[in-house]
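Colleague:
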Ligand SMILES: C[S@@+](CC[C@H](N)C(=O)[O-])C[C@H]1O[C@@H](n2cnc3c(N)ncnc32)[C@H](O)[C@@H]1O
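Numbering (this note's numbering), first residue to last: 2 to 292.
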């Protein structure tokens, strides 16, 4: 039901879409449950023989959500550089990047002030901070970050081109944009065109829908239990849909290609025209498994 409302809103008006998503995430951020650190659909390798990302025991519960971050952000070496995440939610992704991929500083920005307060309270990690901000109007200086991460957030924005113009402005020349999100299949070409026209160069493009489906399936029972325990009966049914348990419309939509989930690695050109692709073949950072 909720997913239908949001997807319909998407087609009606960008303003309505922006407003609805913001209200929704501000509402969700009001849940103070400290175990709840991620809000993405997750990623699982398709091949069981892939090396497993090593995680601390207490992080196992978030394995699939963490693996999505690792797969997206681990494409370039982030060690000792300045990284921004836009749409940081409850902060689990930024915290993972700071602790495992070792950037010098990690800043998370989210539109929801409650999510930012939650993140600053829960994630006490040196060099990691969260602040309130709007993806379409980022308050940072030109050329001020070496890398920008954006995971499963851009579908909420009123204008993706406006967001990409901000990314292009605040990335330093040669800096990387590490991006993943989904769209209804009929909108996926538009997303690709928006990225192509952003002034950044696309170095990698990958359809990760099958990996997302696998993660949803492997994580389904855990999510079902969590929703049952933490949401009242009225909201529980809708939340099962939103988190994408097995058999939900979300799960079926990814499985049947109604929704497509993509990952991109982009780079800001160094001289205004050409990409510096010296890092385009970079391997995942040393702390990250190659999943
Ligand atoms: C599906 S959640 C993903 C959160 C996080 N990336 C994760 O994977 O756990 C989307 C997030 O994008 C944020 N968001 C939506 N519109 C935004 C905007 N215009 N500027 C900044 N953040 C925004 C929401 O508040 C929400 O926290």
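Glycine included, C-beta positions come from ideal geometry on N, C-alpha and C. Here the structure is a predicted model, which means the values were calculated and not measured.
My understanding is that residue 1 touches residue 228, with C-beta atoms under 8 Å, so please give their C-beta distance in whole angstroms.
Modeller: A query on residue 1 cannot be resolved here, the shown segment of the chain reaching from 2 to 292 and no further.
Colleague: Taking only the alpha-carbon atoms, compute the straight-line gap between residue 223 and residue 82 and give it to the nearest angstrom.
Modeller: Each residue's Cα considered, the two are about 35 Å apart.
Colleague: In whole angstroms, what separates the C-alpha of residue 15 from that of residue 50?
Modeller: Their Cα atoms are separated by approximately 43 Å.
Colleague: Report the start-end ranges of each alpha helix (DSSP H) in the region 86–119 that is 4 residues or longer and not cut off at the edges.
Modeller: Listed in chain order, they are 93–97.
Colleague: Are three or more beta carbon pairs between the region 128–142 and the region 111–119 nearer than 8 Å?
Modeller: They touch, by the three-pair rule.
Colleague: Nearest CA to the CA of residue 168: which residue from 142, 183 and 239?
Modeller: Selected option, being the one with the closest Cα: 142.
Colleague: With a threshold of 6 Å, establish whether the CB of residue 111 neighbours any heavy atom of ligand 1.
Modeller: Because some heavy atom of ligand 1 lies under 6 Å away, the Cβ of residue 111 counts as near it: yes.
Colleague: Which word fits residue 190, buried or exposed, when buried means at least 16 other C-beta atoms lie within 10 angstroms of its C-beta?
Modeller: Counting Cβ neighbours within 10 Å, residue 190 comes out exposed, since fewer than 16 surround it.
Colleague: Could you tell me whether the region 154–166 touches the region 226–240, where touching means 3 or more Cβ pairs closer than 8 Å?
Modeller: No, the region 154–166 does not touch the region 226–240.
Colleague: Output the boundary residues of the beta strand (DSSP E) element that contains residue 181.
Modeller: Residues 172–185.
Colleague: Might you give, ordered along the chain, the residues of its own chain that have their beta carbon closer than 7 Å to the beta carbon of residue 247, omitting 5 neighbours on each side?
Modeller: Excluding sequence neighbours, residue 247 sits near 217, 218 and 221.
Colleague: Any chance the CB of residue 26 is under 6 Å from a heavy atom of ligand 1?
Modeller: Because some heavy atom of ligand 1 lies under 6 Å away, the Cβ of residue 26 counts as near it: yes.
Colleague: Kindly indicate which residue of 127, 111 and 92 has the alpha-carbon position closest to the one of residue 105.
Modeller: Minimum Cα distance to residue 105 is reached at 127.
Colleague: Am I right that residue 192 and residue 184 are in contact with their C-beta atoms under 8 Å? What's the rounded C-beta distance?
Modeller: Yes, they are in contact, since the Cβ atoms of residue 192 and residue 184 sit about 5 Å apart, within 8 Å.
Colleague: Please report the residue range of the alpha helix (DSSP H) in which residue 255 lies.
Modeller: 250–257 is the span of the alpha helix (DSSP H), which, as asked, contains residue 255.
Colleague: I'd like to confirm something about residue 254: is its beta-carbon nearer than 6 Å to some heavy atom of ligand 1, or not?
Modeller: Residue 254 Cβ: outside cutoff for every heavy atom of ligand 1.
Colleague: Consult DSSP for residue 44 and reduce its assignment to one of helix, strand or coil.
Modeller: Here residue 44 sits in coil by DSSP.
Colleague: State yes or no: is the C-beta of residue 107 nearer than 6 Å to some heavy atom of ligand 1?
Modeller: No, the beta carbon of residue 107 sits no closer than 6 Å to any heavy atom of ligand 1.
Colleague: Helix, strand or coil, according to DSSP, for residue 152 in the structure here?
Modeller: Strand, per DSSP.
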